[in-house]
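The opening position of the sequence shown corresponds to residue 1 in UniProt numbering, with each subsequent residue numbered one higher.
Even for Gly, the Cβ is constructed at its ideal location relative to N, Cα and C.
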Amino acid sequence: MGYREVYEGWKADPDKFWMEAAKAIDWDREPTKALSGEAPVHEWFADGMVNTCWNAVDRHVEAGRGEQVAIIHDSPVTRTKREITYYELRNRVATLAGALKAKGIEKGDRVVIYMPMIPEALEAMLACARLGAIHSVVFGGFASHELAVRIDDAKPKCIIAAACGIEPGRVIHYKPLLDGALEQSDHQPEFCVILQREQEVAKLTEGRDVNWHGFQYGVEPADCVPVEGNHPAYILYTSGTTGQPKGVVRPTGGHLVALNWTMKNIYGVEPGEVFWAASDVGWVVGHSYICYAPLIHGNTTIVFEGKPVGTPDAATFWRVISEHRVASFFTAPTALRAIKRDDPKGELIQDYDISCLRALYLAGERADPDTIEWAQTVMNVPVYDHWWQTETGWTIAGNPAGIEPLSVKIGSPTVPMPGYDVHILGEDGTELPAGRLGAIAVKLPLPPGTLPTLWNADERFRKAYLDHFPGYYETGDAGMKDEDGYLWIMARTDDVINVAGHRLSTGAIEEVLAGHADVAECAVIGVADSLKGQLPMGFLCLNKGCDRDHDTVVKECIARVRDQIGPVAAFKLAAVVDRLPKTRSGKILRATMAKIADDVEFRTPATIDDPAIIDEIREAIRPLGYGKAG
């Protein structure tokens, strides 16, 4: 069947569709139905009993594939590589789970994990899943205050951390950050497990901290504990608009079924092949596509401890793909833009054979056409943009390459996946026709694997996602559909600006700016204007080696927007900057930039990669007549 037949088959009988998909999972007690609950609160496979760790690890060993490599750790920052087979992984995880069990961790307990990109981070996640404990991974290196807020919300019985993380040219001291967080938090864990690393040995707090290796010595390996299909597998915190983190809850049964389905149908891989998601376990991509989905499906997953550039150069990705024979690769557009900025002509890829690669998948932020076209040319593989969120855990709209590769329309993530009935709504909730920009909403119920609520915050969940458009999940993104049913994600709803009554997408302006030959990366924000309400302001990062006069490049970019979007955009404000403020996952902090420009009080986001860039942006804005208060 092609995509249309599969999608319409789901729409005609969702229960049948997902019950069929559930057959690919090992259940201790098979569910009798897929969907239960009453609108707007739904549950998937609630009466089934299942264990995530069994499905991700043990069953592959039992099926005779224990010698297959499960995890490849490639760490250019420590100059080390290692492989762990499914058999080794099963033993390591069972022993760790046994040690946690001996210390009192059981089903329903929360465990916070604070680790860098090392296999032990995945082992900790899987050990929690083995016991039915609920893990909450916090990005390694997060500031003490933000870690403390998450500790107080999740109330973990245990925290598992590494002594340090490694970044190009520096060591990030995790243990002092953890100690600082526990000094600030009201809740205190019963114990902390600390993994010492060669690069740094942390000081353990007597009576609270135990050594990762020492506390596992001589313990009885733990068996898998079956849990209900609606039992939370994990909590993943995403930043809220109030500064308070939102704990996205991921139910076990739907998580297993949906992720397993995506590996073949979206990413086009077969069990045994190598899959690489160049993300971090602290983000949803790391949960879904570094740890869980590849292992559930029986693939080899790569844990990459490095950066797209500087470890050691802009060819790192090509080396990893070539060396480990990656079949399907997933990264964020910002990573490719960093590579393109350092190596605009893509000359470094010529030193590597990446013929093993069948496709590149982009997500995490809007993929601008210029970056997609560059990747297509340099990598010589299909480039599929796809769109999803921390809340959904997997693709809302993408190109179903494993079912039927659809024509790529550059700038569109293609079409909705089975499970997602996507609508474009006006502010009053009415459906908008093709080509009209509006709020993107998904008709309820959401599919398996998506969030049913926020941790200990049901009312906040309804207010944030369900109340604005009754009967729908509000994505917070703005976009449109075309006549072919392709979805176009133009901006966050907050990034649609109103210029003299004209609603404009900042993403559309960014597309035009990114098409300038000298522009490696850009961002557009809306700033307050007494006459027009708002005006667009652009920030341009130029390719390395570009020695052209900055004022000339700015004038050319302004002319491009006038030519391609028109005078209605009123685009006259732009500046060249060395870098853009981003989260550690690569998202550009446009809302923060707008607040700087408008002299509005703001709190520096906890997820920012480098807080020093705030002052750089402020200095770039001032000559444009904004951000004067500082």
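For residue j and residue i, the rounded distance between their alpha carbons
{"i": "Ala363", "j": "Val561", "result": "26 Å"}
{"i": "Arg59", "j": "Val269", "result": "19 Å"}
{"i": "Thr241", "j": "Phe602", "result": "Any reading at Thr241 is ruled out, since the residue's pLDDT is 49, under 50, leaving its predicted position unreliable."}
{"i": "Ser279", "j": "Val249", "result": "20 Å"}
{"i": "Asn55", "j": "Ser530", "result": "59 Å"}
{"i": "Tyr7", "j": "Gly471", "result": "21 Å"}
{"i": "Pro308", "j": "Thr78", "result": "15 Å"}
{"i": "Ala124", "j": "Gly449", "result": "21 Å"}
{"i": "Ala258", "j": "Trp394", "result": "8 Å"}
{"i": "Ile84", "j": "Pro119", "result": "9 Å"}
{"i": "Lys572", "j": "Met537", "result": "7 Å"}
{"i": "Tyr292", "j": "Glu556", "result": "46 Å"}
{"i": "Gly218", "j": "Leu126", "result": "20 Å"}
{"i": "Leu487", "j": "Asp15", "result": "25 Å"}
{"i": "Gly496", "j": "Gly165", "result": "Going by the sequence as given, residue 496 is Val instead of Gly. Rounded to whole angstroms, Val496 to Gly165 spans 38 Å at the Cα level."}
{"i": "Glu20", "j": "Lys33", "result": "11 Å"}
{"i": "Val69", "j": "Val57", "result": "11 Å"}
{"i": "Gly346", "j": "Met1", "result": "38 Å"}
{"i": "Thr430", "j": "His423", "result": "10 Å"}
{"i": "Ala315", "j": "Ala434", "result": "41 Å"}
{"i": "Val577", "j": "Glu30", "result": "56 Å"}
{"i": "Ala12", "j": "Leu444", "result": "15 Å"}
{"i": "Ser412", "j": "Ile509", "result": "15 Å"}
Integer-rounded CB distance, given that residue j should sit under 8 Å from residue i
{"i": "Thr311", "j": "Ile71", "result": "Thr311 to Ile71, Cβ: 19 Å. No contact."}
{"i": "Asn265", "j": "His297", "result": "The Cβ separation is near 11 Å, so there is no contact."}
{"i": "Met49", "j": "Trp27", "result": "7 Å"}
{"i": "Asp598", "j": "Val527", "result": "6 Å"}
{"i": "Ala162", "j": "Arg197", "result": "6 Å"}
{"i": "Gly180", "j": "Ser144", "result": "3 Å"}
{"i": "Asp353", "j": "Ser328", "result": "17 Å between Cβ atoms; not a contact."}
{"i": "Pro116", "j": "Gly132", "result": "26 Å between Cβ atoms; not a contact."}
{"i": "Met417", "j": "Ile396", "result": "7 Å"}
{"i": "Leu542", "j": "Val519", "result": "6 Å"}
Three-way DSSP call (helix, strand, coil) for residue i in this model
{"i": "Trp388", "result": "coil"}
{"i": "Trp455", "result": "coil"}
{"i": "Ile596", "result": "helix"}
{"i": "Arg590", "result": "helix"}
{"i": "Ala575", "result": "strand"}
{"i": "Glu616", "result": "helix"}
{"i": "Gly630", "result": "Because Gly630 sits at a pLDDT of 40, beneath the cut-off of 50, its placement in the model cannot be relied upon, and the following sentence gives the value as read from the coordinates. Residue state, collapsed to three classes: coil."}
{"i": "Glu556", "result": "helix"}
{"i": "Pro292", "result": "Checking the sequence shown, residue 292 turns out to be Tyr, not Pro. Note: Tyr292 maps to helix in three-state DSSP."}
{"i": "Leu624", "result": "helix"}
{"i": "Lys409", "result": "coil"}
{"i": "Trp27", "result": "coil"}
{"i": "Pro416", "result": "strand"}
{"i": "Cys158", "result": "strand"}
{"i": "Gly104", "result": "coil"}
{"i": "His231", "result": "coil"}
{"i": "His173", "result": "strand"}
Span of the alpha helix (DSSP H) around residue i
{"i": "His255", "result": "252-265"}
{"i": "Met480", "result": "Segment 472-481 is the beta strand (DSSP E) holding Met480; no alpha helix (DSSP H) there."}
{"i": "Leu535", "result": "Not the alpha helix (DSSP H): Leu535 falls in the beta strand (DSSP E), residues 533-542."}
{"i": "Val524", "result": "Segment 519-529 is the beta strand (DSSP E) holding Val524; no alpha helix (DSSP H) there."}
{"i": "Gly515", "result": "Where Gly515 is concerned, there is no enclosing alpha helix (DSSP H), given that its DSSP letter is neither H nor E."}
{"i": "Tyr3", "result": "3-12"}
{"i": "Ala500", "result": "Note, Ala500: premise wrong, no alpha helix (DSSP H); not H, not E."}
{"i": "Ala127", "result": "119-131"}
{"i": "Ser322", "result": "316-324"}
{"i": "Arg341", "result": "333-342"}
Beta strand (DSSP E) segment containing residue i, residue limits
{"i": "Glu427", "result": "Glu427 -> no beta strand (DSSP E), and no H or E assigned at all."}
{"i": "Glu373", "result": "That residue, Glu373, is in no beta strand (DSSP E); its alpha helix (DSSP H) goes 369-379."}
{"i": "His135", "result": "134-137"}
{"i": "Cys164", "result": "164-167"}
{"i": "Trp54", "result": "Trp54 -> no beta strand (DSSP E), and no H or E assigned at all."}
{"i": "Phe45", "result": "Element bounds for Phe45: n/a, residue is neither H nor E."}
{"i": "His187", "result": "Taken as a continuous stretch (DSSP letters only), His187 belongs to no beta strand (DSSP E), as it is neither H nor E."}
{"i": "Asp74", "result": "69-75"}
{"i": "Arg358", "result": "Looking at the DSSP string, Arg358 is not in any beta strand (DSSP E), and its letter there is neither H nor E."}
{"i": "Ile191", "result": "A small correction: the amino acid at residue 191 is Phe; Ile does not occupy that position in the sequence shown. Where Phe191 is concerned, the enclosing beta strand (DSSP E) stretches over 191-195."}
Test: residue i CB closer than 7 Å to a CB of chain D
{"i": "Val381", "result": "Structure shown: chain D not included; a single protein chain is present."}
request  = Mind the definition here: the region 34-46 touches the region 437-455 only if three or more C-beta pairs lie below 8 Å; say whether that holds.
outcome  = yes
query = Would you call the region 219-227 and the region 178-195 touching, i.e. three or more CB-CB distances under 8 Å?
reply = no
request  = Spell out a yes or no on whether the region 152-172 and the region 100-117 are touching, meaning 3 or more CB-CB pairs, one atom from each, closer than 8 Å.
outcome  = yes
inquiry  = Does the contact criterion of 3 or more C-beta pairs under 8 Å hold for the region 365-376 versus the region 326-341?
reply    = yes
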